[in-house]
Amino acid sequence: MQARALTPEEYFIEAEPYYEASGDEVVIFEAAYRNKLPILLKGPTGCGKTRFMEYMAWRLERPLITVSCHDDLTASDLVGRYLVKGGETVWVDGPLARAVRAGGICYLDEIVEARKDTMVVIHPLADDRRVLPMEKLGVLLEANQDFCLAISYNPGYQSVLKDLKQSTRQRFVALEFSYPSAALERRIVANEASIAAEMAEQLVKFAHMTRNLKGSGLDEGASTRLLVHAGKLIASGVGPVSACQSAIAQAITDDPEMLTAIQELSSSLF
Amino acid sequence: MADTIHPLTAAQIEESLETWLEIDLTFLHVDGLAAEISTLRRNEQDFLLNWIRRIATTNIEIAYQFARRATRIVMHTEQRLVEAWALHAMDSYDRVGLRLALQVIQEVERFMQLSHARASGAIFEDIRGILLNFVRGLSGRPLKLEEGDAVYTDSETLYLPAIVAKMEKQEDNFLLCKAMVAMLWAQTRFGSFRANLIDDLGAYPDPQRACQLFHLLETLRLEACLHRELPGLFREMQRLKTTLGEATLPDEWQDWARQLAQPRATVDDSLRLLSRAYAGPTPAAICYQGELRLDAIAGCLAARMAREKIRLRVKLAQLVNAPEKQPEEDASAMPTVEVTQQTDSPAELPELTLMLDDTPVSPPEDVRQLLTSIYLDWGNIPPEHLIPAGPGEYDLDVFAAQTRDPDAVWQGTYHEEGAILYPEWDFGRQHYRKNWCVMREKDVAPVFDDFTTQVKQKYSGLIKQLHRAFEAMRDENRRLRRQAHGDDIDIDALVEALADTRDGSEMDDRLFTRMHRTERNIAVIFMVDMSGSTKGWINDAERESLVLLCEALETLGDRYAIYGFSGITRKRCELYRIKQIDEPYDEAVRARISGIRPQDYTRMGFAIRHLTHLLNAVDARTKLLVTLSDGKPDDYHDGYRGPYGIEDTRKALQEAKRSGVHPFCITLDTEARGYLPHLYGAANYIVIDAAPKLPLKIADIYRRLTLS
Numbered sequence: 067m068q069a070r071a072l073t074p075e076e077y078f079i080e081a082e083p084y085y086e087a088s089g090d091e092v093v094i095f096e097a098a099y100r101n102k103l104p105i106l107l108k109g110p111t112g113c114g115k116t117r118f119m120e121y122m123a124w125r126l127e128r129p130l131i132t133v134s135c136h137d138d139l140t141a142s143d144l145v146g147r148y149l150v151k152g153g154e155t156v157w158v159d160g161p162l163a164r165a166v167r168a169g170g171i172c173y174l175d176e177i178v179e180a181r182k183d184t185m186v187v188i189h190p191l192a193d194d195r196r197v198l199p200m201e202k203l204g205v206l207l208e209a210n211q212d213f214c215l216a217i218s219y220n221p222g223y224q225s226v227l228k229d230l231k232q233s234t235r236q237r238f239v240a241l242e243f244s245y246p247s248a249a250l251e252r253r254i255v256a257n258e259a260s261i262a263a264e265m266a267e268q269l270v271k272f273a274h275m276t277r278n279l280k281g282s283g284l285d286e287g288a289s290t291r292l293l294v295h296a297g298k299l300i301a302s303g304v305g306p307v308s309a310c311q312s313a314i315a316q317a318i319t320d321d322p323e324m325l326t327a328i329q330e331l332s333s334s335l336f
Numbered sequence: 032m033a034d035t036i037h038p039l040t041a042a043q044i045e046e047s048l049e050t051w052l053e054i055d056l057t058f059l060h061v062d063g064l065a066a067e068i069s070t071l072r073r074n075e076q077d078f079l080l081n082w083i084r085r086i087a088t089t090n091i092e093i094a095y096q097f098a099r100r101a102t103r104i105v106m107h108t109e110q111r112l113v114e115a116w117a118l119h120a121m122d123s124y125d126r127v128g129l130r131l132a133l134q135v136i137q138e139v140e141r142f143m144q145l146s147h148a149r150a151s152g153a154i155f156e157d158i159r160g161i162l163l164n165f166v167r168g169l170s171g172r173p174l175k176l177e178e179g180d181a182v183y184t185d186s187e188t189l190y191l192p193a194i195v196a197k198m199e200k201q202e203d204n205f206l207l208c209k210a211m212v213a214m215l216w217a218q219t220r221f222g223s224f225r226a227n228l229i230d231d232l233g234a235y236p237d238p239q240r241a242c243q244l245f246h247l248l249e250t251l252r253l254e255a256c257l258h259r260e261l262p263g264l265f266r267e268m269q270r271l272k273t274t275l276g277e278a279t280l281p282d283e284w285q286d287w288a289r290q291l292a293q294p295r296a297t298v299d300d301s302l303r304l305l306s307r308a309y310a311g312p313t314p315a316a317i318c319y320q321g322e323l324r325l326d327a328i329a330g331c332l333a334a335r336m337a338r339e340k341i342r343l344r345v346k347l348a349q350l351v352n353a354p355e356k357q358p359e360e361d362a363s364a365m366p367t368v369e370v371t372q373q374t375d376s377p378a379e380l381p382e383l384t385l386m387l388d389d390t391p392v393s394p395p396e397d398v399r400q401l402l403t404s405i406y407l408d409w410g411n412i413p414p415e416h417l418i419p420a421g422p423g424e425y426d427l428d429v430f431a432a433q434t435r436d437p438d439a440v441w442q443g444t445y446h447e448e449g450a451i452l453y454p455e456w457d458f459g460r461q462h463y464r465k466n467w468c469v470m471r472e473k474d475v476a477p478v479f480d481d482f483t484t485q486v487k488q489k490y491s492g493l494i495k496q497l498h499r500a501f502e503a504m505r506d507e508n509r510r511l512r513r514q515a516h517g518d519d520i521d522i523d524a525l526v527e528a529l530a531d532t533r534d535g536s537e538m539d540d541r542l543f544t545r546m547h548r549t550e551r552n553i554a555v556i557f558m559v560d561m562s563g564s565t566k567g568w569i570n571d572a573e574r575e576s577l578v579l580l581c582e583a584l585e586t587l588g589d590r591y592a593i594y595g596f597s598g599i600t601r602k603r604c605e606l607y608r609i610k611q612i613d614e615p616y617d618e619a620v621r622a623r624i625s626g627i628r629p630q631d632y633t634r635m636g637f638a639i640r641h642l643t644h645l646l647n648a649v650d651a652r653t654k655l656l657v658t659l660s661d662g663k664p665d666d667y668h669d670g671y672r673g674p675y676g677i678e679d680t681r682k683a684l685q686e687a688k689r690s691g692v693h694p695f696c697i698t699l700d701t702e703a704r705g706y707l708p709h710l711y712g713a714a715n716y717i718v719i720d721a722a723p724k725l726p727l728k729i730a731d732i733y734r735r736l737t738l739s
């Protein structure tokens with residue numbers, strides 16, 4: 067089968083993504099969307115923020131344009147820039163401008179990683195003006211009525227340099243994500259990785275053990291995503307202890323002592 | 032090959048021993064010892080003599096006793112274990128004195144728990160980190176792990192012996208330690224201490240025996256708990272028992288084990304069965320069960336229960352009275368607090384949710400931990416714990432983590448509460464002295480005067496110059512031209528490129544401009560000598576230098592901290608906070624700079640270690656530790672003066688470098704060229720020959736040091 071090439075605004079989620087609501091986040095998101103309010107997702111990595119966005123894009127039948135922010139991401143990476151084509155300069159829209167025009171959901175993942183000048187273009191989009199200033203074109207782009215802005219950030223990494231400013235955060239409706247409750251997480255892992263409920267239960271127990279270690283040597287415990295990875299390996303016949311080692315322990319730390327300790331935990335559990 | 036080298040003769044050995052053990056003064060007889068050592072192989076001789084020499088620098092009596100015993104065991108014991116034994120003896124000497132150190136040496140068999148000749152033991156120091164993380168990962172109260180004289184717990188700290196060598200293979204010995212730790216954890220997790228053990232067991236005619244039997248019954252119950260909770264570990268525990276050939280339990284015990292294996296069995300069932308077991312024989316203990324020390328548990332438990340009740344009630348009061356919660360409610364009406372448990376299965380720790388006036392509140396992390404700990408002790412959360420403390424009911428300071436006045440230590444009984452302990456390198460021993468330096472951070476008493484203003488006036492020309500020089504170094508964004516990718520088109524490049532294509536030459540693809548961020552990202556700590564020898568003009572020069580440095584660094588925007596160090600003996604190592612890393616350069620900091628006064632001696636190792644630790648917590652690309660000093664490391668008493676101090680400082684600097692901190696030294700000691708290269712390396716120091724020159728030069732030194 068050939069891989070399909072889609073422009074960002076054509077990227078509709080066609081099949082319903084598997085998502086288990088842990089609270090009233092779906093209702094709140096829909097209400098915010100109807101009222102044209104931007105949304106801030108908070109929570110540790112791998113707890114379902116991106117899956118939630120996919121699910122909402124599917125529910126609302128809007129294209130989802132995701133931008134993963136990094137520390138070199140500038141405003142023009144979002145808005146657009148001139149390129150040279152055959153001796154002429156041509157304007158090319160960035161992903162944010164495309165979403166604004168097409169009325170898509172623009173999801174800026176890990177927003178604090180981006181350079182500070184990106185905030186300047188987000189702010190007017192995130193309040194009731196809903197316009198995107200395109201400085202180089204000299205225009206203000208008014209947002210399509212279906213457009214929605216969502217950003218995510220992980221308060222866990224908080225260093226002084228990577229905090230979200232009040233002026234930014236106070237424009238958003240905030241949804242907090244955390245690891246799902248044990249029962250829900252068991253269901254998610256069993257469902258996503260197609261493994262037996264008992265195995266999913268053990269994996270969730272293991273995840274809790276690593277989460278207990280947060281702060282005493284680990285920056286972050288095992289996320290639900292990692293559990294699903296381990297579950298998938300187990301479903302393909304990998305032994306649980308090695309699956310946990312490769313999919314979870316090695317993914318969360320490089321410290322040899324901590325790796326051994328986690329290995330001991332998993333070999334005790336299975 | 033060690034064996035091909037000839038063994039040393041008795042005479043050669045005797046000569047060395049005579050020197051090291053100072054027999055002129057101690058009158059020890061070493062001839063027999065030398066003869067005995069001379070029969071060993073050369074590599075064993077070298078190993079042994081090396082250790083005797085190293086121990087003798089700490090204490091001669093220990094070295095002598097070590098030599099007498101080690102000669103006999105070195106042939107059939109791993110050198111690794113002998114080493115651990117020697118170090119443990121020296122640690123005991125450091126910690127509790129000669130008598131107990133000699134006891135360690137004399138009770139070598141007990142210390143090593145040896146039962147296999149040539150056993151490959153698990154050494155506590157090596158496995159501590161792994162097992163600590165292991166036990167932290169298991170649910171429940173955060174436990175501590177320490178070295179002790181046996182396997183036991185006081186319900187907060189788990190103790191393991193220094194070496195476990197019951198099994199033949201090293202991995203089995205590790206496994207045995209892991210099983211011991213898990214068993215001790217299970218005691219705290221599955222409520223072994225929820226009964227009043229001292230009274231219940233004391234009611235038997237022979238409490239000692241009752242305790243043993245009870246411990247065995249409890250171990251059976253906990254084994255079943257571990258079987259449910261950690262089946263993998265349980266399998267390995269069974270294997271350990273088989274390997275050691277432990278006898279199976281008598282029939283009636285098998286039956287009791289089945290009863291205790293019920294998921295609902297508690298410590299009360301063990302106590303109930305004890306009355307029947309007491310009549311019968313005492314089966315042998317299981318290899319990983321350890322000891323049950325009721326006194327240790329009782330003391331710890333009672334103190335914790337009282338403490339945690341108060342803490343919880345105070346925390347609840349803070350939660351309830353949090354101003355943003357219910358501002359309109361009048362404070363006298365105390366809301367009711369309840370805890371709901373989300374599971375009733377005994378195998379799982381309940382997820383505890385607080386109910387404040389019928390609205391569920393997910394408790395903050397510290398409260399959640401408190402609730403868990405209380406739940407483990409009581410088996411539930413007693414309702415009287417949930418009454419928020421009334422105003423003034425408790426003085427929380429008494430129970431809060433102690434941040435006492437560091438000077439109060441020296442009034443009344445000496446204690447090490449609130450201090451941080453640092454190791455120190457003993458070059459004679461070629462090993463660290465553990466927890467040797469008792470370090471405390473203190474504030475410099477601020478002096479609000481016009482010192483800084485005067486300095487600024489005195490050096491006004493220099494300061495202007497500094498501002499200019501440092502401003503030029505500040506990171507500024509530059510627009511890079513002719514880039515392959517970028518935010519904007521470089522019109523000049525484009526015009527040229529178009530002309531080139533008309534020309535028939537190849538078109539350049541670097542047509543964009545890009546904003547480039549140059550970030551200095553430097554964090555620096557200045558470590559200022561506050562020893563007594565700086566009294567007078569050196570102290571003035573130091574203070575003036577700090578003012579000028581601060582002026583320069585404020586222009587530059589680097590993150591910086593200033594600490595003064597001084598000490599008198601290892602028990603009183605003090606770091607004086609002058610400016611912390613993210614503290615603004617304000618009136619208080621200026622007053623503290625003005626208030627720097629000479630104190631005691633120049634013990635340096637602890638200061639370097641602590642400041643390295645602080646620097647490593649800062650998120651910066653380049654980390655600098657700049658020492659301002661006027662002389663060699665030196666301290667009163669315990670032999671810090673001379674090579675010991677220099678070697679300890681060198682070791683601390685090596686540790687700093689290894690962790691990614693760049694040390695640098697600015698000194699006023701003109702003889703420093705003799706020892707500083709040894710400490711800091713050939714290029715990482717600068718000698719200033721007269722104190723008045725220091726303020727003039729220091730900012731420039733820093734500028735050159737950090738120039739990219």
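From first to last, the protein sequence lines stand for chains A and B. Counting in the working numbering, the first sequence runs from 67 upward without gaps. Counting in the working numbering, the second sequence runs from 32 upward without gaps. Glycine included, C-beta positions come from ideal geometry on N, C-alpha and C. Remember, predicted model here, so these are calculated numbers, not experimental data.
Starting from residue i, find everything on chain B with Cβ-Cβ shorter than 9 Å and list it in chain order.
i              : result
residue 324(A) : 160, 161 and 164
residue 234(A) : Residues of chain B passing the Cβ test: none, with the nearest at roughly 20 Å.
Could you round the C-beta distance between residue i and residue j to whole angstroms and report it? I think they count as a contact, below 8 Å.
i              : j              : result
residue 273(A) : residue 293(A) : 5 Å
residue 101(B) : residue 51(B)  : Between residue 51(B) and residue 101(B) the Cβ distance is about 14 Å, and since that is not below 8 Å, they are no contact.
residue 112(A) : residue 260(A) : 19 Å between Cβ atoms; not a contact.
residue 726(B) : residue 576(B) : 5 Å
residue 300(A) : residue 315(A) : With a Cβ gap of about 14 Å, residue 300(A) and residue 315(A) do not count as contacting.
residue 193(B) : residue 154(B) : 7 Å
residue 710(B) : residue 698(B) : About 10 Å; that fails the 8 Å criterion.
Residue range of the alpha helix (DSSP H) that residue i falls in?
i              : result
residue 101(A) : Note, residue 101(A): premise wrong, no alpha helix (DSSP H); not H, not E.
If you draw a straight line from the alpha carbon of residue i to that of residue j, how long is it in whole angstroms?
i              : j              : result
residue 542(B) : residue 129(A) : 33 Å
residue 171(B) : residue 290(B) : 25 Å
residue 483(B) : residue 625(B) : 7 Å
residue 254(A) : residue 318(B) : 41 Å
residue 476(B) : residue 731(B) : 29 Å
residue 671(B) : residue 683(B) : 14 Å
residue 200(A) : residue 95(A)  : 28 Å
residue 491(B) : residue 584(B) : 16 Å
residue 362(B) : residue 346(B) : Since pLDDT at residue 362(B) reaches only 44, below the 50 mark, its modelled position is unreliable, and no value is offered.
residue 282(B) : residue 314(B) : 11 Å
residue 568(B) : residue 729(B) : 16 Å
Starting from residue i and walking both ways along the beta strand (DSSP E), at which residues does that stretch end?
i              : result
residue 285(A) : Element bounds for residue 285(A): n/a, residue is neither H nor E.
residue 635(B) : It is not in any beta strand (DSSP E) - residue 635(B) carries neither H nor E in the DSSP assignment.
residue 689(B) : Residue 689(B) -> not in any beta strand (DSSP E); alpha helix (DSSP H) instead, spanning 674-689.
residue 58(B)  : Segment: none, residue 58(B) is in no beta strand (DSSP E) and carries neither H nor E.
List, in order along the chain, the chain B residues whose C-beta lies closer than 8 Å to that of residue i?
i              : result
residue 336(A) : 262 and 263
If the cut is a Cβ gap below 7 Å, which residues of chain B does residue i touch?
i              : result
residue 330(A) : 161, 165 and 209
Between the segment 266-285 of chain A and chain B, which residues of the former have CB atoms less than 8 Å from a CB of the latter, in chain order? 274, 275, 276, 278, 279, 282 and 283
Taking Cβ-Cβ distances below 8 Å as the criterion, which residues of the segment 197-225 of chain B are in contact with chain A? 209 and 213
To be precise: take each residue of the segment 143-157 of chain A, compare its Cβ to all Cβ atoms of chain B, and keep it if any distance is under 7 Å. Which residues remain? 147, 148, 150, 153 and 155
What residues in the segment 312-343 of chain B bring their beta carbon closer than 8 Å to a beta carbon of chain A? none
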